[in-house]
Structure formats: C-alpha cells, structure tokens
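Each number in our numbering corresponds to the 1-based position in the sequence shown with 1137 added. Backbone N, C-alpha and C fix where the C-beta goes; we use that ideal spot for every residue, glycine too. Here's the structure we're looking at; comments come further down.
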Amino acid sequence: MTQLVPVLSAHWDEKDSFTIEAYTRHGGYKASQKALTMDPDAVIQMVKDSGLRGRGGAGFPTGMKWGFIPQGDNKDHYLVVNADESEPGTCKDTPLLMANPHVLIEGCIIACHAIRAKHAFIYIRGEVTHVVRRMNQAIEDAYKAGHLGNGVELVLHVGAGAYICGEETALLDSLEGFRGQPRLRPPFPAIAGLYARPTVVNNVESIASVPAIIANGAEWYQSMGTEKSKGTTLYSLSGHVNNPGQFEAPLGITLREILELSGGIRTGHTLKFWTPGGSSTPIFTQDHLDTPLDYEGVSAAGSMLGTKALQIFDETTCVVRAVLRWTEFYKHESCGKCTPCREGTWWLVQILRDLEAGKGTEADLAKLLDLCDNILGRSFCALGDGATSPITSSIKYFRDEYIAHITHGGCPFDPVASTLFVGVGA
C-alpha cells in the first residue's frame, strides 16, 4: 500500500481550517516570508527542481512555465489562477478552497515574486457562491494581516459559468470583459497574455502546492511520487463507491489502492468502467485497476491523468447512456468558434441519442468514429478533443453493448425496453 503523506489536506479535519488563525497556527505565510528574501530566479529554480507539474490536466512543469516569462522587458506581469473547475466529475479545487483558501493566497504571493508580478487574479466559477464568499473573506483577512497589499494585489474575479473558460486563453478573454473563446497561439500567454502582457496561468492546486515546496525544500517534494511525476496530489473519487471523497496521495498510487481506502465498490456490485482524469479522458475498465495514476503510467495505458477525477461506474450503468450524457455536456458548452467542435459535437449527440434509444445501426458506429477522427486534433482547442475521448474508448471496450442497443431496440439496462443483455461489458 502506498504511504499517504497529507500536504494540502493536512489540517482539513480542523473545524477552523479555513481561517487565517488556523493557517498561521500551522506555519502559514512563513513560506512566503522566506521566498520574499530569495532571488526570484532562485524561487523558480526551486520549483523546477521539485518536479511540480501543473495539476490542471496537462501536467506541464510549473517552474518551467514560470521561467518562460521574459525579464527586463519593462512590462507589467500577471499571475492568473484558474479556479474555473467545471468538468463533470472534477471536484478537487472547490474543497481545497473551502478547507484552506490561504494556502492558495500564499502560493500567489510566492509566484508573483518569482515572475516579478504585482497583480494576481483568481478566476472562479459564479455558481460556487459559497466558495466565492470564503475566498473573499480570506483575501480580506490576508490584506488586514499585511500579507497582501505590500507589493502584490490580489483580485477574485467571478465568471459567468462557462466550461470553455477553463481553457487558459478563453479565461483571459473573459477576464478582459470579452466573450470567453480560445485565442490563436502563438503568441502564448507568457509573451502576450492578460492585457497583452506576459502572464502565467496556473491551476489552483499547482499554486497551492508551492508554499510547502518553499518551506520544506525541493528534495523533500521529490521524495514523493514517481520518477517523472513528483509530489502528492488530490484524487477525486466519485460514483459507485462506498465512501466517495478527496484522497491525497503520492502520484503513482493505483485505483485498486484508492478503492481499498474508500471501502471499495458499493456493496454487492462490481467495477465496470471508470475515468482516470475526468469525463474528457478515455475511459478505463477493471483491467486497468493496477495502472499507476501518474502522468506517464496513465498515458502508457491509453488515457490521460487530467484532473484526477476518478468517476466509478458499476455493472448497472449503461455505458452508452453515460457517454451520451457527457457528449451532451460538451455540445452544450462548445463556444462555437470552430466548425469541427460546433458542428461535430452536435452530430455526435444526434447519433448517440439514436443508438441509446435503439434506433441506430452498426453503420452509425463507423460514422461516430469517423466524426471523432475529424474532430480530434482539428478543433481550435482541447474541448473538441475531450468530447471524442469517451466515445472512442467506450466503443473500443464496450462495442458489444452498443450493438446490444441496436439488436434489442433500446437500452438493455432499461427493463421497460428489454431484458438485461447477458454479457454486457464482458
């Protein structure tokens, strides 16, 4: 069993963990005080040496991203924190901000010092009103305590609730007051980001991981995780399990181990399929229970670690219906800027609806895959790519179930439509 070392979640069990009093009680803001005495380049180097990789999905080295910011350019630099968490199944940043908002604020102070920025923005979803209130209070308390306002100004920006604004350049457009749509790159945000100035865009968990690295050192952080995926991270376990929730563990832990920690699949049922990184990543089956949940391990097995949103589905779930629901989400959230995504996701939904209702044909499966092939790698941003992932992977592992919908004239899991198809998911 992988040894669990709580870092981000170390004090979540305390009733006042979200307050500045609790945060300082456990050494909060000492890391930022230390960082402010260091040369900014030394801070960047320490983050590089730690091996910290972006926790928003792509896994790009955080310190390397900071190092891309040009210096001596006589321009304002900006830090933008992406708290626009909205992918189905992804729920790690919200509980982090509720339990310990000050670790993000301290991370912002350190990051701003490193990239020579005087302004930081946290872009958060408008729907999570309770988190917005908690963050606003934490920011107010940090200003009163003198941690903010002495070189770093921090603004909490509440978005209108659009999945596309999780894409970093669409987020920047939204921050500037425009419609949230992805930008053509290059130029990249490090050169021309917010207000056409050099900008670093990082995920909440990425920035929140920085204070512990500064406080304990790069070697300490490197001691956890795997060879190329360092540190601990938050795995969000949801679905058909006895005890869903957040599990902080070193990268490289397996789903089998996390299920043991959570009490396993709900009593009397068996695992059918699951997502390793949210609904935009190719699904896995029970054959992948021992896949190391790090960037390299998941990629080698044919998926992506993404946001580490482990959605668990047992044998009672219709995979076609689940994929249809995900695809309806992506179709609804497409910004419409590019044709492959705007038109492609619409057609994916139409075909999946027919298949789920038993009105499709085997030719529709080939058409689905052809549509996915024409969307993948051809859409303006990764939203289109993500929409294809559950479709292609579900057909790969559960083609028999798609065929069952066709031969039975409806969903085999619907007792009104037909009797349960024997062997579904086998």
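Endpoints, alpha helix (DSSP H) assigned at residue i
i            : result
residue 1261 : Unbroken run through residue 1261 is the beta strand (DSSP E), 1256 to 1261; no alpha helix (DSSP H).
residue 1358 : 1355 to 1359
residue 1161 : 1157 to 1162
residue 1469 : 1456 to 1470
residue 1542 : 1519 to 1544
residue 1309 : 1305 to 1312
residue 1506 : 1499 to 1512
residue 1172 : 1167 to 1173
residue 1180 : 1177 to 1187
residue 1199 : 1199 to 1204
Residue i versus the options, residue with shortest Cα-Cα distance
i            : options                   : result
residue 1357 : 1209, 1387 and 1391       : 1387
residue 1219 : 1212, 1263, 1181 and 1185 : 1263
residue 1464 : 1481, 1340 and 1473       : 1481
residue 1536 : 1457, 1470 and 1260       : 1457
residue 1409 : 1213, 1487, 1451 and 1521 : 1451
residue 1394 : 1234, 1430 and 1215       : 1430
residue 1279 : 1157, 1362 and 1326       : 1157
residue 1402 : 1380, 1389 and 1415       : 1380
residue 1191 : 1141, 1342 and 1417       : 1342
residue 1365 : 1432, 1336 and 1327       : 1432
residue 1351 : 1148, 1506, 1164 and 1528 : 1164
residue 1260 : 1193, 1293, 1542 and 1421 : 1293
residue 1154 : 1469, 1251, 1232 and 1545 : 1232
residue 1319 : 1304, 1331, 1330 and 1442 : 1304
residue 1542 : 1250, 1492 and 1530       : 1492
residue 1494 : 1375, 1544 and 1469       : 1544
residue 1207 : 1474, 1508, 1270 and 1253 : 1253
As assigned by DSSP and simplified to three states, the class of residue i
i            : result
residue 1440 : coil
residue 1274 : helix
residue 1494 : coil
residue 1331 : helix
residue 1238 : helix
residue 1477 : helix
residue 1295 : strand
residue 1362 : strand
residue 1283 : coil
residue 1268 : helix
residue 1433 : helix
residue 1427 : coil
residue 1302 : helix
residue 1577 : Beyond the ends of the chain as shown, which are 1138 and 1563, falls residue 1577; an answer cannot be given.
residue 1249 : helix
Local Cβ density within 10 Å of residue i, reported as buried at 16 or more and exposed below that
i            : result
residue 1371 : buried
residue 1314 : exposed
residue 1510 : exposed
residue 1378 : buried
residue 1436 : exposed
residue 1525 : buried
residue 1143 : exposed
residue 1227 : buried
residue 1444 : buried
residue 1230 : buried
residue 1483 : exposed
residue 1397 : exposed
residue 1234 : buried
residue 1184 : buried
residue 1321 : exposed
residue 1384 : buried
residue 1404 : exposed
Per DSSP, the bridge partner or partners of residue i
i            : result
residue 1385 : 1371
residue 1448 : 1375 and 1412
residue 1347 : Paired residue(s): none; residue 1347 is not in a bridge.
residue 1421 : 1411
residue 1339 : 1218
residue 1243 : The partner list for residue 1243 (beta bridge, DSSP) is empty, contrary to what the question assumes.
residue 1290 : 1256
residue 1320 : In DSSP, residue 1320 forms no bridge with anything.
residue 1190 : 1198
residue 1402 : 1378
Opening and closing residue of the beta strand (DSSP E) in which residue i lies
i            : result
residue 1215 : 1215 to 1220
residue 1148 : Run containing residue 1148: none; DSSP gives neither H nor E here.
residue 1392 : Not the beta strand (DSSP E): residue 1392 falls in the alpha helix (DSSP H), residues 1392 to 1398.
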